[in-house]
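K.L.:
Per the working numbering, residue 29 is the first one in the sequence shown, and the count goes up by one each step.
One structure is given below, represented as structure tokens, and several questions about it will come after.
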Amino acid sequence: MTKMVNFIQDFVTAWASFKHGASFKLTAVVAAVAVAIGLWLIGYLFQTWRRLSHVPGPFLNSITPLVLTYHCLKEDITTYTYKLSLKYGPLVRVAPNIVAHFDPETLRHVCSNKANYTKGLWFEFSRWDLDHYSCIAMRDNESRKIRKTKLVPAWSGQYMSVMESRVDSQVRAFIDLVERKYISTPGVVRPMDFGHRAQFYTLDVATSVTFGKPLGFLQKDGDVEKYLETTEAMTPGFGILGTLPWLVYAIHAWPLKLFMPGEGDAIGFGRLMKFASEAVKQRLDPDDTNSEYDLIRGYLRNGVEPEDAIQECITLVVAGSETTSITLRMALLSLLTTPSSYRKIQTEIDAFFSSEPSPASSVIPYSVAKANLPYTQAVIREALRLWPPSAGLFSKQVPEQGDTLHGYYLPKGTEVGQSMMGVGRQERIFGGDAEIFRPERWTEASSDAERFEEMQAAVELVFSTGKYVCLGKQIAWMELVKWLVEVLRRFDIAAVNNAQPLKLKDPVTFMSTDFWIRFTRREGVEV
29 MTKMVNFIQD FVTAWASFKH GASFKLTAVV AAVAVAIGLW LIGYLFQTWR
79 RLSHVPGPFL NSITPLVLTY HCLKEDITTY TYKLSLKYGP LVRVAPNIVA
129 HFDPETLRHV CSNKANYTKG LWFEFSRWDL DHYSCIAMRD NESRKIRKTK
179 LVPAWSGQYM SVMESRVDSQ VRAFIDLVER KYISTPGVVR PMDFGHRAQF
229 YTLDVATSVT FGKPLGFLQK DGDVEKYLET TEAMTPGFGI LGTLPWLVYA
279 IHAWPLKLFM PGEGDAIGFG RLMKFASEAV KQRLDPDDTN SEYDLIRGYL
329 RNGVEPEDAI QECITLVVAG SETTSITLRM ALLSLLTTPS SYRKIQTEID
379 AFFSSEPSPA SSVIPYSVAK ANLPYTQAVI REALRLWPPS AGLFSKQVPE
429 QGDTLHGYYL PKGTEVGQSM MGVGRQERIF GGDAEIFRPE RWTEASSDAE
479 RFEEMQAAVE LVFSTGKYVC LGKQIAWMEL VKWLVEVLRR FDIAAVNNAQ
529 PLKLKDPVTF MSTDFWIRFT RREGVEV
């Protein structure tokens, strides 16, 4: 019995000794690993910070991109980067490998052929088919140049009259929608959520110009195949991915690529892909007797491969409809909240039609509007200036030899983005009141050709410039001018909620909800 007790005591003592030693060794190993990880992390953060440490900006932004990610989630990314530019100067470090500027000349330089910048990794996210690229998604300069030479002829002047007639049809379709459902009368309010209806209009224009017929958003007065619902859900994700562009490699790899939109989808973005694919097949059918011009036909005639033409058309519809609808919303919002400007634009429109009467079914030709309605164009320029539709950084990568911007050397691979809100609000160009909506600045500057040209050139940068200039710029202008003229000619418009006309979000571009307005027929106006 005594031996057993002694054995147990010896065992307990030995176990305690072993346990103490093992515990000590385990603690030492864990501590060593923690120290190693900590030293590696410190070294990594130091190298991350050091690469562009000479460029001013918040310290936290210099070591992590998650600050930008946070502001995408907060839905104020454009305003945030603009405020950074105001605080830190013409070049600011907004993320470890991204700098931003708000200078028109810098933007022209970065987008020029001579500078040899390439598109940043973010543009890979605009690939809808992993085996094919649209021109927007192409990052290789030479490949992009070859593709663009095939796209440009499809937009040439000889076809512009056909495309303008398609815009006219959708202007009339919007007016018909108002007449059918949204005329308010004394005691009866029929409000319209213009946030969505603006995009119904631009989507039907974009699909009509591209495919030869609209998808029918205005006719339905609803979301066709839940396209808007899907894209609105996707847009914040694009903003987040723009701050973490390396995620493109994960998203375009198995298994995540299985969840990308496809032609087999029953609703949403995949349905647009299916529509584009069927439209291309129809144009290639030898038995197709319809020779009416549209962009798909133009692209195919100029040598764009069918699968590539599909990607080009999808991108055009997505990007073109979203950006133009933003400008239309913000132009109308600015007019509704600036009564003097609202009165002036209607007065200009009324004065023109009193001297140039036209049938109610007609839509003003774009060339006529350009020549005779300067204040209307000034309203659009102010909306573009203050609320740029392409508000993201859209970064370009510094070429092999590096570059120097605003006195700061940027090594190869640095991404250079732009604050378009900053470009449009430069006091040096637009005056001390650049932060406010005042279309009169344009009519005042019209007597000074040099100043007017500088202002106009700065605003036109919302359509990019150089090798990246938007091919659909003229169509966008047509949509905006014609809508404002023909709608304000016929109706008075007022906000339903004067305290908060709309709710504005900015995860990567300006998204609006609850933009409720009411239409009344104008008294004493013959149309």
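Ideal placement from N, C-alpha and C gives every residue a C-beta, glycine not left out.
Being a predicted model, the structure only gives us computed values, none of them experimental.
Please give me, in chain order, every unbroken run of the alpha helix (DSSP H) with length at least 4 that falls completely inside the region 92-123.
P.N.:
Runs of the alpha helix (DSSP H) inside the region 92-123: 94-102, 105-116.
K.L.:
Let me check understanding here. Comparing Cα to Cα, which of 318, 334, 288 lies closest to residue 309?
P.N.:
In the sequence shown, counting from the first residue as 1, residue 309 sits at position 281. Ranking 318, 334, 288 by Cα distance to residue 309 puts 334 first.
K.L.:
Tell me which same chain residues have a C-beta within less than 6 Å of the C-beta of residue 422, skipping the five on either side of it?
P.N.:
Position 394 of the sequence shown, counted from the start, is the residue given in the question as residue 422. Same-chain partners within the cutoff: there are none.
K.L.:
Report the option in 376, 65, 201, 296 whose CA atom is closest to the CA atom of residue 232.
P.N.:
Locating residue 232 in the sequence shown gives position 204, where the first residue counts as 1. When only C-alpha atoms are compared, the closest one is 201.
K.L.:
State the Cα-Cα distance for the pair residue 116 and residue 265, rounded to the nearest angstrom.
P.N.:
The residue you call residue 116 lines up with position 88 of the sequence shown. The residue you call residue 265 lines up with position 237 of the sequence shown. Rounded to whole angstroms, residue 116 to residue 265 spans 28 Å at the Cα level.
K.L.:
For residue 480 and residue 492, what's the separation of their Cα atoms in angstroms?
P.N.:
The residue given as residue 480 occupies position 452 in the sequence shown. The residue given as residue 492 occupies position 464 in the sequence shown. Near 19 Å, if we compare the C-alpha coordinates of residue 492 and residue 480.
K.L.:
Do residue 280 and residue 158 have their CB atoms nearer than 8 Å?
P.N.:
Along the sequence shown, read from residue 1 onward, the residue named residue 280 stands at position 252. Along the sequence shown, read from residue 1 onward, the residue named residue 158 stands at position 130. Yes; because the gap between Cβ atoms is below 8 Å, this pair is in contact.
K.L.:
Does the region 280-294 come close enough to the region 210-226 that 3 or more CB-CB pairs lie under 8 Å?
P.N.:
With the cut-off at 8 Å, the region 210-226 and the region 280-294 do not touch.
K.L.:
Can you give the beta carbon distance from residue 537 to residue 420, rounded, assuming they're within the 8 Å contact cut?
P.N.:
The sequence position of residue 537 within the sequence shown is 509, counting from 1. The sequence position of residue 420 within the sequence shown is 392, counting from 1. Indeed they touch by this definition, with Cβ atoms about 6 Å apart.
K.L.:
Helix, strand or coil for residue 176? Go by DSSP, reduced to three states.
P.N.:
Numbered from its first residue, the sequence shown carries residue 176 at position 148. Helix, per DSSP.
K.L.:
In this structure, how does DSSP classify residue 326 when only helix, strand and coil are distinguished?
P.N.:
Walking along the sequence shown from the start, residue 326 turns up at place 298. In this structure, residue 326 counts as helix in the three-state DSSP scheme.
K.L.:
DSSP on residue 544, reduced to helix/strand/coil?
P.N.:
The residue you call residue 544 lines up with position 516 of the sequence shown. In the structure shown, residue 544 sits in a strand (DSSP, three-state: E or B).
K.L.:
Using three-state DSSP, classify residue 448 as helix, strand or coil.
P.N.:
Taking the sequence shown and counting its residues from 1, one reaches residue 448 at position 420. Looking at residue 448 - three-state DSSP - the assignment turns out to be helix.
K.L.:
Are at least three pairs of beta-carbons, each pair with one atom in the region 481-490 and one in the region 411-420, less than 8 Å apart?
P.N.:
The answer is yes - the region 411-420 touches the region 481-490, with three or more Cβ pairs under 8 Å.
K.L.:
Among the residues of its own chain, which have a CB less than 6 Å from the CB of residue 439, if the five just before and after it don't count?
P.N.:
For the purposes of this step, residue 439 is taken as residue 411 along the sequence shown, with counting starting at 1. These residues qualify, in order along the chain: 430.
K.L.:
Examine chain C for any beta-carbon lying closer than 8 Å to the beta-carbon of residue 118, and answer yes or no.
P.N.:
This model lacks chain C altogether; it includes just one protein chain.
K.L.:
If you reduce the DSSP assignment to three classes, tell me which class residue 531 lands in.
P.N.:
Numbered from its first residue, the sequence shown carries residue 531 at position 503. In this structure, residue 531 counts as strand in the three-state DSSP scheme.
K.L.:
Use the C-beta contact count for residue 225: other C-beta atoms within 10 angstroms, 16 or more gives buried, fewer gives exposed.
P.N.:
In the sequence shown, counting from the first residue as 1, residue 225 sits at position 197. The residue is buried, with at least 16 neighbouring Cβ atoms inside 10 Å.
K.L.:
Under the DSSP definition of a beta bridge, which residues are partnered with residue 63?
P.N.:
Mapped onto the sequence shown, residue 63 falls at position 35. Its beta-bridge partners do not exist; DSSP assigns none.
K.L.:
Quick one: give me the first and last residue of the alpha helix (DSSP H) that residue 137 is part of.
P.N.:
Locating residue 137 in the sequence shown gives position 109, counting from the first residue. 132-138 is the span of the alpha helix (DSSP H), which, as asked, contains residue 137.
K.L.:
Does the beta-carbon distance from residue 394 to residue 192 come in below 8 Å?
P.N.:
By 1-based counting over the sequence shown, the position of residue 394 is 366. By 1-based counting over the sequence shown, the position of residue 192 is 164. Cβ distance < 8 Å, so residue 394 and residue 192 count as in contact.
K.L.:
Just tell me which of 371, 401, 389, 366 has its CA closest to the CA of residue 383.
P.N.:
Sequence index remark: in the sequence shown, residue 383 carries index 355 (1-based). The residue with the shortest Cα to Cα distance from residue 383 is 401.
K.L.:
Rounded to whole angstroms, how far is the Cβ of residue 196 from the Cβ of residue 424, which I believe are closer than 8 Å?
P.N.:
Position 168 of the sequence shown, counted from the start, is the residue given in the question as residue 196. Position 396 of the sequence shown, counted from the start, is the residue given in the question as residue 424. Not a contact, Cβ separation roughly 37 Å.
K.L.:
Could you work out which residue in 341, 378, 375 is closest to residue 183 when comparing CA atoms only?
P.N.:
Counting from 1 along the sequence shown, the entry for residue 183 is found at position 155. Out of 341, 378, 375, 341 has the C-alpha closest to the C-alpha of residue 183.
K.L.:
Would you tell me roughly how many angstroms separate the C-alpha atoms of residue 94 and residue 127, rounded to the nearest one?
P.N.:
By one-based count along the sequence shown, residue 94 stands at place 66. By one-based count along the sequence shown, residue 127 stands at place 99. Cα-Cα distance, rounded: 15 Å.
K.L.:
For residue 154 and residue 213, what's the separation of their Cα atoms in angstroms?
P.N.:
For the purposes of this step, residue 154 is taken as residue 126 along the sequence shown, with counting starting at 1. For the purposes of this step, residue 213 is taken as residue 185 along the sequence shown, with counting starting at 1. Distance between the alpha carbons of residue 154 and residue 213 is about 45 Å.
K.L.:
From the DSSP output, which residues share a beta bridge with residue 424?
P.N.:
Taking the first residue of the sequence shown as position 1, residue 424 is located at position 396. Residue 424 pairs with 147, 444.
K.L.:
Can you tell me which of the three DSSP states residue 245 falls into?
P.N.:
For the purposes of this step, residue 245 is identified with residue 217 of the sequence shown, where counting begins at 1. Three-state result, residue 245: helix.
K.L.:
Starting from residue 232, trace the alpha helix (DSSP H) both ways and give me its first and last residue.
P.N.:
Numbered from 1 along the sequence shown, position 204 holds the residue referred to as residue 232. 222-239 is the extent of the alpha helix (DSSP H) around residue 232.
K.L.:
Which of the three DSSP states, helix, strand or coil, is assigned to residue 553?
P.N.:
Numbered from its first residue, the sequence shown carries residue 553 at position 525. Reduced to three states, the DSSP call for residue 553 is coil.
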